[in-house]
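According to UniProt numbering, numbering within the sequence shown proceeds without interruption in unit steps and concludes at 422.
For glycine and all other residues, C-beta sits at the position ideal for the given N, C-alpha and C.
Below is one structure; the comments refer to it alone.
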Amino acid sequence: MERPFDMHSDTFDESSPNTPGTGPPDGGFKAWLQVALCHFVILNTWGYINSFGIFQTYYKTFLGHSESDLSWIGSIQIFILFFGGVFSGRLTDAGYFKPIFIFGVIFQLLGIFLTSICTKYYQIFLAQGVCIGIGNCLLFCPALTVISPYFSRHRSLAIAIAVSGSGTGGIIFPAIANSSLSILGFPWTIRILGLISTITHIPCILFMKPRLLPRNTGPILELQAFKEPPYTLFNIGMFLNFLGLYFTFFYLSSFAHHILHASSSVSMTLLMILNSVGILGRLIPSFLADKYLGPLNTIIPINFSTAIIMYSWATVHSLGSLYAFTVVYGFFAAGVQSLFPAVVTHLTHDQGRIGTRMGMVFAIVGVACLVGLPLSGVLIGARHDGGFLYAQMASGTFLGVGAVFMVLARVAKTGWVWMVKA
Numbered sequence: 001m002e003r004p005f006d007m008h009s010d011t012f013d014e015s016s017p018n019t020p021g022t023g024p025p026d027g028g029f030k031a032w033l034q035v036a037l038c039h040f041v042i043l044n045t046w047g048y049i050n051s052f053g054i055f056q057t058y059y060k061t062f063l064g065h066s067e068s069d070l071s072w073i074g075s076i077q078i079f080i081l082f083f084g085g086v087f088s089g090r091l092t093d094a095g096y097f098k099p100i101f102i103f104g105v106i107f108q109l110l111g112i113f114l115t116s117i118c119t120k121y122y123q124i125f126l127a128q129g130v131c132i133g134i135g136n137c138l139l140f141c142p143a144l145t146v147i148s149p150y151f152s153r154h155r156s157l158a159i160a161i162a163v164s165g166s167g168t169g170g171i172i173f174p175a176i177a178n179s180s181l182s183i184l185g186f187p188w189t190i191r192i193l194g195l196i197s198t199i200t201h202i203p204c205i206l207f208m209k210p211r212l213l214p215r216n217t218g219p220i221l222e223l224q225a226f227k228e229p230p231y232t233l234f235n236i237g238m239f240l241n242f243l244g245l246y247f248t249f250f251y252l253s254s255f256a257h258h259i260l261h262a263s264s265s266v267s268m269t270l271l272m273i274l275n276s277v278g279i280l281g282r283l284i285p286s287f288l289a290d291k292y293l294g295p296l297n298t299i300i301p302i303n304f305s306t307a308i309i310m311y312s313w314a315t316v317h318s319l320g321s322l323y324a325f326t327v328v329y330g331f332f333a334a335g336v337q338s339l340f341p342a343v344v345t346h347l348t349h350d351q352g353r354i355g356t357r358m359g360m361v362f363a364i365v366g367v368a369c370l371v372g373l374p375l376s377g378v379l380i381g382a383r384h385d386g387g388f389l390y391a392q393m394a395s396g397t398f399l400g401v402g403a404v405f406m407v408l409a410r411v412a413k414t415g416w417v418w419m420v421k422a
């Protein structure tokens, strides 16, 4: 019988046969080193993606394409990152972490430096969207797969610290772009970003190391997982969430610049605020998940709050209220982003299958991102005034229904007993 909010209830099997030793160390220098290195990986993947708003605004001004056209660059990058997790996650489980990771670094840096010499839409789409996307998919899922088996009680917090790299990158990259674009121009600004990625990738290549022994057998897709109602309902919920979650990250700068007529500097400042508050939005909910509630219990109120705040964007008509919206949305959206990988590990009882199951969830939410962001652009274009109302309402609805499925996943996991850590 489970105790109310039992610290160890519903955790996965710590004595998996492919786990060296007696269980996760749950701390120590080597474990926290992996977290720090994964922070760099997320800085260079999601930090870059979460900064796409600076490129969206720049490209709209200088390429003259529609919001929907430009959003395909970022959405294909996210889609490849997530969908490729099916393969990179399984290969990591099989013991190929190092070569997969090195190829990821090569593709990512190649895409960044090629972007610096692009002048046409299709060139940017291939370099920034496809090439960087391939690199990211070979980096992101393997890195998260590596750190999870080092932790048990502190897993949500460890993942949160790692994925807060997206906030770090979301501060650094727009700050550099804000100060460099007008002085050095687009090509050299991108090269500086590429140099930062190069430097921060070096220690990751040298010192990131999986804890688990390879699992050489097993399919790329573990379809049996979808016979587990909590896992299936969670996947449906996350698909809906990611249809609307990244709308703000991609379109906030454009909204400020084209709807409120803010300067480019203000637009970039808003993006930096969105990402910086996201650091706290990742750490605080994850601490609560580890200490008191569990990741699934924690993500539910965070998810509902994100939906409500997205709806409130429609009432924003001044820069002051936009700053307030940015702070609050950045906090809660970051909570959804950081907790969903922790929920996947929580729903996975065999540590050796984390990479495979994580990759499957990533593939599903990748499709959502591929569809959701261009759909937002279409909804903006559907209004004769270019207003954001239709897109705001659609994104809020996706997030709200996604939150309902989080509740259903929780009920399928523990029943109607609420005072249980899950």
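- Contact between I273 and V328 does not hold, since the beta-carbon distance rounds to 11 Å and is not under 8 Å.
- DSSP places Y390 inside the alpha helix (DSSP H), whose first and last residues are 389-414.
- Here DSSP, grouped into helix, strand and coil, assigns D290 to helix.
- Here DSSP, grouped into helix, strand and coil, assigns D93 to helix.
- Counting only the Cα atoms, F226 lies some 22 Å from F398.
- Counting along the chain, Q337 sits inside the alpha helix (DSSP H) bounded by residues 319-346.
- Rounded to whole angstroms, the gap between the alpha carbons of F140 and Y96 is 14 Å.
- Residue L193 holds the alpha-carbon nearest to the alpha-carbon of F173 among H317, R155, P187, L193.
- The C-beta distance from G167 to A368 rounds to 22 Å, too long to meet the 8 Å contact threshold.
- For K60, the enclosing alpha helix (DSSP H) covers residues 52-62.
- The C-alpha of H65 lies about 13 Å from the C-alpha of V378.
- Distance from the CA of S197 to the CA of N44, rounded to the nearest whole angstrom, comes to 6 Å.
- Scanning its chain for C-beta atoms nearer than 6 Å, with the 5 sequence neighbours on each side dropped, one finds around P295 the residues S156, A289, L339, A342, V343, H346, in chain order.
- In its chain, beyond the 5 residues on either side, S75, F79 have a beta carbon closer than 6 Å to the beta carbon of L370.
- Sixteen is the threshold: when 16 or more other Cβ atoms of the shown chains lie within 10 Å of the Cβ of K413, as they do, the residue is buried.
- Rounded to whole angstroms, the separation of the alpha carbons of L271 and H201 is 24 Å.
- The C-alpha of N235 is placed about 6 Å away from the C-alpha of V361.
- Three or more Cβ pairs closer than 8 Å define a contact, and the region 237-256 meets that threshold against the region 299-311.
- Just measuring C-alpha positions, the residue of L223, K98, G281, S276 sitting nearest R211 is K98.
- In the three-state reduction of the DSSP assignment, P295 falls in the helix class.
- Judged by DSSP in its simplified three-state form, S116 adopts coil rather than helix or strand.
- Of all alpha-carbon atoms in I42, F40, F62, G89, the one lying nearest the alpha-carbon of A363 is that of G89.
- By the criterion of a C-beta distance shorter than 7 Å, I112 is surrounded in its chain by I132, I190, L193, G194, S197, once the five residues flanking it on both sides are discounted.
- A check of alpha carbon separations from S179 across A160, C118, M268 identifies M268 as the nearest.
- Around the beta carbon of Y122, fewer than 16 other beta carbons lie within 10 angstroms, which makes this residue exposed.
- Between the region 149-163 and the region 32-46 there are three or more C-beta pairs closer than 8 Å, enough to call the two in contact.
- The DSSP-derived three-state label of L212 is coil.
- In the DSSP assignment, E67 falls within the alpha helix (DSSP H) that extends over 67-83.
- Between L110 and the set G135, L408, I171, the nearest pair of CA atoms involves G135.
- Around the CB of V336, 16 or more other CB atoms lie within 10 Å, so the residue is classed as buried.
- In this chain, the alpha helix (DSSP H) harbouring A162 covers 155-163.
- Burial state of S395 is buried, judged by a 10 Å Cβ sphere holding 16 or more other Cβ atoms.
- According to the DSSP assignment, I220 belongs to no alpha helix (DSSP H), since it is labelled neither H nor E.
- Selection T57, L408, M208, Y231 evaluated against A177 yields T57 as nearest (Cα-Cα).
- Inclusion of Y231 and I380 in the CB contact set at 9 Å is not warranted, their separation being larger than that value.
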